[in-house]
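**Q**
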Amino acid sequence: MEKLNNNIPYIINFAPHAGTMNLGDYIIWDSIKSILTDLLKHENVMVLNFSSHQPLSWYHKMLLKRLKKEKIPYIILLSGANPFHPYYSPVSSLNQWAVGITDIQNLKNKVLLFGTGTIIAPPSIKRHILSLYALKFWKLVMTKEFVHEVRDDESIELAHKIGIYNVVNLGCPTLWKLTKKFVGKIPTTKSNSVVTTITANKKDPERDKLMLKILLKNYEEVYLWPQGTEDIIYINKTIVPLCPECVKIKILPPTLWAYDQLLSKTNIDYIGTRVHGGIRALQHKRRSIIVSVDHRASSFSKSFGIYSINRDEIAGLDDVINSKIKVRIQIPEKRIKKYLEEFKRYVNSL
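Numbering (the working numbering), first residue to last: 1 to 350.
1) Considering only residues of the same chain and omitting the five flanking positions on each side of residue 223, which have a CB-CB separation below 8 Å?
2) Taking DSSP's pairing of strands, which residues face residue 195 in a bridge?
3) My parser needs the beta strand (DSSP E) runs of 3 or more residues fully inside the stretch 82 to 140; what are they?
4) Would you call the stretch 128 to 137 and the stretch 169 to 188 in contact, with 3 or more CB pairs under 8 Å?
5) If you drop the 5 nearest sequence neighbours on each side, which residues of the same chain put their C-beta closer than 7 Å to that of residue 219?
6) Distance, Cα to Cα, residue 68 vs residue 320?
7) Grab me the residues of residue 144's own chain with a C-beta within less than 7 Å of its C-beta, minus the 5 sequence neighbours each way, in chain order.
8) What did DSSP end up calling residue 50 once you bin it into helix, strand or coil?
9) Please report how far the alpha carbon of residue 274 lies from the alpha carbon of residue 95, in whole angstroms.
10) Are the C-beta atoms of residue 48 and some chain D residue less than 9 Å apart?
11) Applying the criterion that 16 or more other CB atoms from any shown protein chain within 10 Å of the CB defines a buried residue, is residue 118 buried or exposed?
12) Distance check for residue 206 and residue 17, CA to CA, integer angstroms please.
13) With residue 218 as the anchor, note down where its beta strand (DSSP E) starts and where it stops.
14) Measuring CA to CA, which of 149, 4, 23 and 214 is closest to residue 354?
15) Return the bridge partner residues of residue 251 from the DSSP annotation.
16) Can you list, in chain order, the residues of its chain with a C-beta nearer than 7 Å to that of residue 107? Leave out the 5 residues immediately preceding and following it.
17) In terms of DSSP beta bridges, what is residue 10 paired with?
18) If we count the other Cβ atoms within 10 Å of its Cβ and call it buried at 16 or more, is residue 105 buried or exposed?
19) Using the three-state DSSP reduction, which class does residue 284 fall into: helix, strand or coil?
20) Taking DSSP as the reference, what is the three-state secondary structure of residue 169?
21) Shortest alpha-carbon distance to residue 333 belongs to which of 178, 33 and 6?
22) Can you say whether residue 159 is buried or exposed, counting buried as having 16 or more other CB atoms within 10 angstroms of its CB?
23) Please work out which residues of its chain come closer than 6 Å, Cβ to Cβ, to residue 305, disregarding the five sequence neighbours upstream and downstream, and give them in chain order.
24) Can you tell me where the beta strand (DSSP E) holding residue 147 begins and where it ends?
25) Of the residues 199, 102 and 230, which one's Cα is nearest the Cα of residue 62?
26) Is DSSP giving residue 18 helix, strand or coil here?
27) Need the endpoints of the alpha helix (DSSP H) that residue 264 sits in, please.
28) Of the choices 213, 255, 216 and 282, whose alpha-carbon is the least far from that of residue 181?
29) Residues in the same chain with beta-carbon distance under 6 Å from residue 164, minus the five sequence neighbours each way, listed in chain order, please.
30) Between which two residues does the beta strand (DSSP E) carrying residue 306 extend?
31) Mind checking residue 115: buried by the 16 CB within 10 Å criterion, or exposed?
32) In chain order, what residues of the same chain have a beta carbon less than 8 Å from the beta carbon of residue 60, not counting five sequence neighbours either side?
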């Protein structure tokens, strides 16, 4: 293992994109990487990226152990996605953030949430048992020295339940560049083309079929971007038999590059169930309607003005498409700027 520089602070960033099967995690990582690069490009700081989805290797465990043993200043960022929830096991391979009870010593009071969200799941005996461990785990590892930044109010509530109060909701980092000036350039009326997404792990064949049929009725060209690995299987095996005309939909390659190319070169709308698919469209100044299938879209809509409709109301999508939609996204620009400036000062003070 290389010699460590004990004259500079280290940021160990657990990022969501490595080892994931959801391209939405790449969208999140792309924004976080851009923010950290802009913020720290002139700072004498070492940033090391680990995967939050994969258990720590021997190399990574030894690196954390050496940082602690040699008293080299470091902080651990748990950035993006939704790993902050009360359903954790002592066994790392069973967890969304793949750390376990043997990792706690090197994580203790070092973990800072950065654009992180939570999961809301129906109560069960298993989840109750997991939460007994998880709440103690988070209490031990979350730092008390700086303010955690989360992306939804549900994460604030969980942090308070744990007993952590140094936490703010400034939204997902994917939203931070959607300033008032930026979103003012997004069209308010429909285009001739649309790109859509569906969510295989939250399937509703009848409503998903209806959404696609409405899109085919209203747009000259309909594209589908498979954000998750199972989405194409769901479309071909479940939706197409219910909706033969859905074979007209043009399927994009399952890459972020292909999606970006379409968004950048085509005058196009986004309408779909994937939240970050919709946010990526907004980043390209495209009219975006997110069809809400869980708390994330509704939470983003309530807190920051992201336009969404509930999938239960999909029968009314026709009217929504043909109406004028003014983009009312409101991010706390001044608070975000202040937070990042304070974060940079904190890192330099380690």
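A virtual CB, placed ideally from N, CA and C, is assigned to each residue, including glycine.
**A** Considering the structure as presented:
1) In the sequence shown, the residue the question calls residue 223 occupies position 223. Closer than 8 Å at Cβ, skipping near neighbours: 193, 194, 195, 196, 249, 250, 251, 252, 262 and 268.
2) Working through the sequence shown from its first residue, we reach residue 195 at position 195. In DSSP, residue 195 forms a bridge with 223 and 270.
3) 111 to 116
4) no
5) Translated into the one-based positions of the sequence shown, residue 219 becomes position 219. Same-chain partners within the cutoff: 192, 193 and 194.
6) Here the question's residue 68 lines up with position 68 in the sequence shown. Here the question's residue 320 lines up with position 320 in the sequence shown. Residue 68 and residue 320: Cα-Cα distance of roughly 55 Å.
7) Counting from 1 along the sequence shown, the entry for residue 144 is found at position 144. Excluding sequence neighbours, residue 144 sits near 109 and 166.
8) Against the sequence shown, residue 50 aligns to sequence position 50. Correct three-state label for residue 50: strand.
9) Walking along the sequence shown from the start, residue 274 turns up at place 274. Walking along the sequence shown from the start, residue 95 turns up at place 95. Computed Cα separation, rounded: 23 Å.
10) No chain D appears in the structure shown, which is made up of a single protein chain.
11) Reading the sequence shown from its first residue, position 118 is the one you call residue 118. So residue 118 ends up on the buried side.
12) For the purposes of this step, residue 17 is taken as the residue at position 17 of the sequence shown. For the purposes of this step, residue 206 is taken as the residue at position 206 of the sequence shown. Near 31 Å, if we compare the C-alpha coordinates of residue 206 and residue 17.
13) Your numbering for residue 218 matches position 218 in the sequence shown. Careful: residue 218 lies outside any beta strand (DSSP E), inside the alpha helix (DSSP H) at 205 to 218.
14) With the chain covering only 1 through 350, there is no way to say anything about residue 354.
15) To locate residue 251, count along the sequence shown from 1; it is residue 251. Its beta-bridge partners are 224.
16) Indexing the sequence shown from 1 puts residue 107 at position 107. Excluding sequence neighbours, residue 107 sits near 76, 99 and 141.
17) On the sequence shown, position 10 is the one that residue 10 refers to. Beta-bridge pairing links residue 10 to 46 and 74.
18) Sequence index remark: in the sequence shown, residue 105 carries index 105 (1-based). It counts as exposed.
19) Numbered from 1 along the sequence shown, position 284 holds the residue referred to as residue 284. Residue state, collapsed to three classes: coil.
20) Residue mapping note: residue 169 aligns to position 169 of the sequence shown, counting from 1. Residue 169 falls in the strand class under three-state DSSP.
21) The residue given as residue 333 occupies position 333 in the sequence shown. Of 178, 33 and 6, the residue nearest in Cα terms is 178.
22) Counted from its first residue, the sequence shown places residue 159 at position 159. Result: buried.
23) As a working note, residue 305 is residue 305 in the sequence shown. So the qualifying residues of the chain are 328, 329 and 330.
24) Residue 147 sits at position 147 when you count from the first residue of the sequence shown. It is not in any beta strand (DSSP E) - residue 147 carries neither H nor E in the DSSP assignment.
25) Translated into the one-based positions of the sequence shown, residue 62 becomes position 62. Looking at the Cα atoms, 102 is the closest of the given residues.
26) Here residue 18 is taken as the residue at index 18 of the sequence shown, counted from 1. Three-state DSSP puts residue 18 in coil, outside helix and strand.
27) Position 264 of the sequence shown holds residue 264. Note, residue 264: alpha helix (DSSP H), 256 to 265.
28) If you number the sequence shown from 1, residue 181 lands on position 181. It is 282.
29) Indexing the sequence shown from 1 puts residue 164 at position 164. For residue 164, where only same-chain residues beyond five positions count, the Cβ hits under 6 Å are 142.
30) The residue given as residue 306 occupies position 306 in the sequence shown. Residue 306 -> no beta strand (DSSP E), and no H or E assigned at all.
31) Counting from one through the sequence shown, the residue named residue 115 turns up at place 115. Buried, because 16 or more other Cβ atoms sit within 10 Å of the Cβ of residue 115.
32) As a first step, residue 60 must be located in the sequence shown, where it is residue number 60. If we look at residue 60 and ignore the five residues flanking it on each side, its Cβ neighbours are 50.
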